[in-house]
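Protein chains in written order, with my numbering: chain C, 510 to 920; chain D, 62 to 331.
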């Protein structure tokens, strides 16, 4: 029998500025090593004595607070515990340890579709959903027109839901969640909802709600662009622990860094020559840089044969999959055997925001590759400009700012 | 889960909405629609009537035997429908449970309420048949609701208890199907209890200790004929007379406690 030590309480105190308070929250799941969902299997494995459970700790002693009017972004890799945290906030899962206090009416939007019934009409589903969220029929009456209008489904509401396209269903579910009169909105990965027009509408809605000081929003997302754009508070979760609780910029950058480090690329080790050994790259400057910073890289290797060698260096854009800056030490090629060390200093001032992996290869003077440094070990840097005029624009947009000269020639 | 919270306005609205949905969906897509709520038990009655009353000649000495039989089958259908829907409810609504937090007992109660509505419709039919058959209206008709509440309490208790176990072990559904079959013959629905009493009064008494037999016989007594053998007029021991009621209370209390304890983890386990 599981012992419950945690609590989740709902209060309604408009004078309290804190709308979500999480104190020392822990949660683990018992994963049966033998997954039998039948009585027989369970009885037999109990008799055999191998009815084992693996305890998977999903959240480890998490604490944070969200104030009224905040737009909190929760980011983290898959399986880091974000969704579990969200489900505990929404009261779907029970906290195992710790205390969760929710101040106000919470509207969850977890996974796609909020449990619609395909055999009911759109209208009936709205009312059923409203009841599930705790609204009376009169209250739903008052929200109904707005919901339908936002979902742009005026002509479909008397159709059964099974005749809706999946995009339409999600649009309706999402519209209910955001148009319901709640104080706290909890959203799980929803911004990729609907077609482009609907997404634009959602963007507008989020920009508006960001300014609304009475509504609290918690958003789980993988899009750092959205974190920067909407959130004014963000949390990075890794392996069930809060790594960063702070500004969206810090969290977004760390998350990008975390992801770029894990990026691996298949390489063929067969064609590594044994003339070169102990090839290493060291990043001597900061991992997180902007257009004013200098990147200093040290490449070292050992040559076992009497040949001339030089180093080729590439700044590889991980997300776009292309090289950004190339350099080499051909002008200062190294002669003969022995340990070599080359230091590169590069100022990547003319590029856009990107996550960069630094690749290095050792070549003969004819350009033939003798050895290259494995991708998965290559140092990575996160490059973020801080000279944008309008931070609300997509920061990865490549035509954002002007370079060189540009004249308008009128005929 | 204190009493005021259980009956809060929010929960009542949700219960009404879910029950409405269940009832609406039950017969959706069938040509006769709600009529099936009436037709199904009537057809079952017709079969039993032909086989047991006409061919096997059961119940020769019971007045109004066809109505007596109809009342039994109606109550029995209510019990089976109620429990099988109730036990399945958590699994059927699993999708909702994983996504929204709301009191889980509402799902079970709403599933059983559909059966209650069906039963009430059927009961009207029973009364009409009774009047046609020449049954005299009596003040004891007023006792029928109490027996029905007692039976509903039993069905609800079983639904909570087995429904909670069914979340983790889906075998419960199949096991309960078999139990229902066995119970059908353990309760004097098609055969008159006098047939058993002729061979063994002890066996008849044991049968009457079953809360199902007790309620069905009580309803027949109140509604159709005072010649019906009931638990209280056949067993003299006062403690044994109240045994079925005590049993129902115990089942219901245990079931509610167990369900409350387990319901916190339904979202994870379902």
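Each residue gets a CB set at the ideal place from its N, CA and C atoms; glycine is no exception.
Sequence-distant residues of the same chain with beta carbon closer than 7 Å to residue 831 (chain C), five excluded per side: none
Would you mind giving the Cβ-Cβ distance between residue 585 (chain C) and residue 746 (chain C), rounded to the nearest angstrom? I have them listed as a contact below 8 Å. 4 Å
Closer than 7 Å, Cβ to any Cβ of chain C: which residues of the segment 74 to 102 of chain D, in chain order? 74, 75, 78, 82, 86, 89
Tell me which same chain residues have a C-beta within less than 6 Å of the C-beta of residue 860 (chain C), skipping the five on either side of it? 833
The segment 277 to 295 of chain D touching the segment 199 to 209 of chain D, judged by at least three CB pairs closer than 8 Å: yes
Is it true that the segment 217 to 237 of chain D meets the segment 111 to 126 of chain D, where meeting means three or more beta-carbon pairs spaced less than 8 Å apart? no
Three-state secondary structure (DSSP) at residue 973 (chain C)? The first residue shown for chain C is 510 and the last is 920, placing residue 973 (chain C) beyond what the model contains.
Helix, strand or coil for residue 618 (chain C) per DSSP? strand
Residues that residue 728 (chain C) contacts on chain D, provided the C-beta gap is smaller than 9 Å: In chain order: nothing, as chain D lies at least about 17 Å away.
Assuming contact is defined by CB atoms lying nearer than 9 Å, are residue 576 (chain C) and residue 725 (chain C) in contact in what I supplied? yes
I'd like the ranges of any beta strand (DSSP E) spanning at least 3 consecutive residues and lying wholly in the segment 575 to 653 of chain C. 580 to 584, 606 to 612, 615 to 618
With a threshold of 9 Å between beta carbons, is residue 325 (chain D) in contact with chain C? yes
Residue 605 (chain C): which of C:539, C:680, C:737 sits nearest, CA to CA? C:539
For residue 161 (chain D), return the contacting residues in chain C, with the cut-off set at a CB-CB distance below 9 Å. 599, 600, 601, 617, 619, 623, 624, 638, 641, 642
Helix or strand or just coil, what does DSSP make of residue 120 (chain D)? coil
Where does residue 883 (chain C) land, buried or exposed, given buried means 16+ other C-beta within 10 angstroms? exposed
According to DSSP, is residue 519 (chain C) helix, strand or coil? strand
With burial defined as no fewer than 16 other Cβ atoms inside 10 Å of the residue's Cβ, what is the status of residue 146 (chain D): buried or exposed? buried
Across which residues does DSSP place residue 837 (chain C) in a beta bridge pair? C:821
Which residues, in chain order, does the segment 874 to 888 of chain C contribute to contact with chain D at a C-beta distance below 9 Å? none
Of all the CB atoms in chain D, is at least one closer than 9 Å to the CB of residue 777 (chain C)? Model confidence at residue 777 (chain C) stands at a pLDDT of 46, short of 50, so the residue's coordinates are unreliable and nothing is read from them.
Along chain C, in chain order, which residues have C-beta atoms closer than 8 Å to that of residue 172 (chain D)? Per Cβ cutoff of 8 Å: no residues; residue 172 (chain D) is ~14 Å from chain C at best.
Residue 239 (chain D) classed as buried or exposed, judged by whether at least 16 other C-beta atoms fall within 10 angstroms: exposed
Report the CB separation of residue 757 (chain C) from residue 582 (chain C) in whole angstroms; it is logged as a contact under 8 Å. 6 Å
Between the C-alpha atoms of residue 317 (chain D) and residue 721 (chain C), what's the straight-line distance to the nearest angstrom? 43 Å
Would you list the one or two residues that DSSP bridges to residue 562 (chain C)? C:541
How big is the Cα-Cα spacing for residue 104 (chain D) and residue 245 (chain D)? 17 Å
For residue 609 (chain C) and residue 107 (chain D), the rounded distance between their alpha carbons: 58 Å
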